[in-house]
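Visitor: What the sequence shown shows, in the working numbering, is residues 46 to 419, in sequence order.
C-beta: ideal position from N, C-alpha, C; glycine also.
What follows is a single structure, and I will ask about it in a moment.
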Amino acid sequence: AQAACSALAPRREHVRDRALAPARQRARTMQRRVAAVASASAAGQESAGGGEAQGGVGHTGFGCCRRRGAQAKSNLPERAVGVLVSCILAASRAVGAAGGGWALVAAVRAGADAVGLTGSTNSKAKDESSSSARGAAADAEDGPVPQHVAVIMDGNRRFGCREHGNALSGHRAGGEKLRDFLEWCVEEGVRYLTVFAFSTENWKRDPAEVEGMMQLFMTEVPRLGKLTAKLNVRVRFLASDATPLSAELRACLARLEEETAICTGCQLNVCMSYGGRGDVVHACQALAREVAAGTLKPEEIDEDSIKRRLLTGDIPDPDVLIRTSGERRLSNFLMYQLAYSEMFFLDKHWPEVTREDLLSVISSYQQRQRRFGR
């Protein structure tokens, strides 16, 4: 009997590890989120009372705003309960495969660690994170804030495959990060945010992934609408070729545009089925039609004539371009508009971007001299 038990021991270990894998992964993910919320809350409390209202959003010394700090503090117990429940559910689904209540006990312990109930949370790391964020905010306090920020949200697929074993989860995390990033931009006074969500070249990807992304857009757009209504943000969707988009998705996008048309705060431009070269081609075609109709003379065409006929023709060109995931190319994004933009390349995937990264970009932008060829 002892020999048989010894022979089965490796198998039991293997089954246990597989059973607990979902709970452990969920605990690790929520641990990072709760730690980030706690750090933001601490930063908001420490800097409270030092800020003034700007553009309708309360600032606290360019740290975490009062509203978000209070919200983070009030939501912390609820988030802690959510972590524990998620871990227990994941472990309970695995009990049938592994056998025994020890899986539930391990899940509860992992969840408690994630929210700091067992005292295992590293308070020193939290303090350092808060201090670093406040330092970046202080650096960004002096000088002009970029009025138009453009972002190539790269690395979602790689992040999803690395963290969760599938690409779609990375795209979902990217959607969540966009909502966070939009809120940070509003807090810092950015007037226009243009993001590259789906390019015309992305249609060449695996059909299953493309279909998954289209379905994800259908669920993410309403979530984005709730946030933009709260932040007084106008949303526009820019497509150089909208033909491949389904009628259902186009209606969903148009509905959000209509609902936010009255908003007077920051403007969010989401480029979907967009290509920079296609944008320029359409502008040139519009000019050609006007020349053929006799309403425009060829010698009257100048750079500004082309700019006004681009999809972004009614807003300023981007002051800043941010691209994530370590890639250093434009990938057919805003080819005409980025001629004099300051470019920043982050060596992290889009879902990993933090508010500190944005503040660091703003600080670096303020230290650059923009001469526009002069």
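Over the uninterrupted alpha helix (DSSP H) stretch that includes Gln312, give me the two end residues.
Guide: Segment Gln312 to Tyr319 is the beta strand (DSSP E) holding Gln312; no alpha helix (DSSP H) there.
Visitor: So Asn247 and Gly219 are supposed to be a Cβ contact under 8 Å. How far apart are they, rounded?
Guide: 13 Å between Cβ atoms; not a contact.
Visitor: Hey, how far is the Cα of Leu375 from the Cα of Phe262?
Guide: If you take the alpha carbons of Leu375 and Phe262, they lie about 23 Å apart.
Visitor: Please look up how many angstroms separate the CB atoms of Val317 and Phe389, rounded, as I've assumed it's under 8 Å.
Guide: First, the residue type needs correcting, since residue 317 is Met and not Val in the sequence shown. Wrong, their Cβ atoms sit about 23 Å apart, outside the cutoff.
Visitor: CB Met198 to CB Thr369, shorter than 8 Å?
Guide: Yes; because the gap between Cβ atoms is below 8 Å, this pair is in contact.
Visitor: Alpha carbon to alpha carbon, how far is Val3 from Gln414?
Guide: In the structure as shown, the chain begins at 46 and stops at 419. Residue 3 is therefore absent and cannot be evaluated.
Visitor: Rounded to whole angstroms, what is the Cα-Cα separation between Arg281 and Pro189?
Guide: For Arg281 and Pro189, the distance between alpha carbons rounds to 25 Å.
Visitor: Can you tell me whether Phe390 is helix, strand or coil according to DSSP?
Guide: Strand, per DSSP.
Visitor: Can you tell which of Asp359, Arg353, Met380 and Gly323 has the C-alpha that lies nearest to the C-alpha of Leu366?
Guide: Ranking the options by Cα distance to Leu366, first place goes to Met380.
Visitor: Using C-beta distances below 7 Å, list every residue in its chain close to Arg295, excluding the 5 sequence neighbours before and after it, in chain order.
Guide: Excluding positions up to five away in sequence, the list reads Ala287.
Visitor: For Arg353, which of Thr340, Asp364, Phe378 and Gln382 has the nearest alpha-carbon?
Guide: Taking only the C-alpha atoms, the option nearest Arg353 is Gln382.
Visitor: May I have the straight-line CA-CA distance separating Val255 from Ala195, to the nearest angstrom?
Guide: Going by the C-alpha atoms only, they are around 23 Å apart.
Visitor: Can you tell me the Cα-Cα spacing of His216 and Glu208, whole angstroms?
Guide: Distance between the alpha carbons of His216 and Glu208: 12 Å.
Visitor: Between Asp364, Gly418, Val278 and Lys249, which has its C-alpha nearest Trp229's C-alpha?
Guide: Residue Val278 is the option with its Cα nearest to Trp229.
Visitor: Note the first and the last residue of the continuous beta strand (DSSP E) segment covering Phe243.
Guide: Taken as a continuous stretch (DSSP letters only), the beta strand (DSSP E) holding Phe243 covers Tyr237 to Ser244.
Visitor: What residue does the alpha helix (DSSP H) around Val253 start on, and which one ends it?
Guide: Looking at the sequence itself, residue 253 is Ala, so the reference to Val does not match. Counting along the chain, the alpha helix (DSSP H) containing Ala253 begins and ends at Pro252 to Leu276.
Visitor: Is the Cβ-Cβ distance between Cys311 and Leu404 less than 8 Å?
Guide: Their beta carbons are not under 8 Å apart, which means Cys311 does not touch Leu404 by this criterion.
Visitor: Give me the Cα-Cα distance between Pro252 and Glu293, rounded to the nearest whole angstrom.
Guide: Distance between the alpha carbons of Pro252 and Glu293: 18 Å.
Visitor: Please state if the CB of Pro191 and the CB of Val235 are separated by a distance shorter than 8 Å.
Guide: Against a cut-off of 8 Å, the Cβ pair of Pro191 and Val235 comes out as a contact.
Visitor: Is His193 helix, strand or coil by DSSP?
Guide: Looking at His193 - three-state DSSP - the assignment turns out to be strand.
Visitor: Look up Leu379 in the DSSP assignment and say whether it is helix, strand or coil.
Guide: Of the three classes helix, strand and coil, the one that applies to Leu379 here is coil, per DSSP.
Visitor: Quick check on Leu283: does DSSP put it in helix, strand or coil?
Guide: Leu283: strand per DSSP, three-state reduction.
Visitor: Where Gln330 and Phe226 are concerned, what is the direct C-alpha to C-alpha distance, given to the nearest angstrom?
Guide: The straight-line gap from Cα to Cα measures roughly 35 Å.
Visitor: Note the first and the last residue of the continuous beta strand (DSSP E) segment covering Asp367.
Guide: Note on identity: in this sequence residue 367 is Ile, with Asp being the wrong assignment. Val365 to Arg368 is the extent of the beta strand (DSSP E) around Ile367.
Visitor: So for Leu403, helix, strand or coil by DSSP?
Guide: Reduced to three states, the DSSP call for Leu403 is helix.
Visitor: Let me know if Ser285 comes out buried or exposed under the rule of 16 or more other beta-carbons within 10 Å of its beta-carbon.
Guide: Answer is buried; the Cβ neighbour count reaches 16.
Visitor: Roughly how many angstroms separate the alpha carbons of Arg300 and Arg419, rounded to a whole number?
Guide: Spanning the two alpha carbons is a distance of roughly 44 Å.
Visitor: On a CA-only basis, which of Glu233, Ala384 and Cys297 is nearest Glu401? Give me that one, please.
Guide: Here the closest residue by C-alpha is Glu233.
Visitor: What does the Cβ neighbour count give for Pro363, buried or exposed, with the cut at 16 atoms within 10 Å?
Guide: Buried, by the Cβ-count rule.
Visitor: Hey, how far is the Cα of Leu420 from the Cα of Asn314?
Guide: Residue 420 cannot be examined here, being either before or after the span of the chain that is shown, 46 to 419.
Visitor: Rounded to whole angstroms, what is the Cα-Cα separation between Asp349 and Leu332?
Guide: The straight-line gap from Cα to Cα measures roughly 12 Å.
Visitor: Is Leu298 closer than 8 Å to Arg224 when the C-beta atoms are compared?
Guide: Against a cut-off of 8 Å, the Cβ pair of Leu298 and Arg224 comes out as no contact.
Visitor: Which residue from Phe378, Pro267 and Val336 puts its Cα closest to that of Leu355?
Guide: Closest option to Leu355, Cα to Cα, is Phe378.
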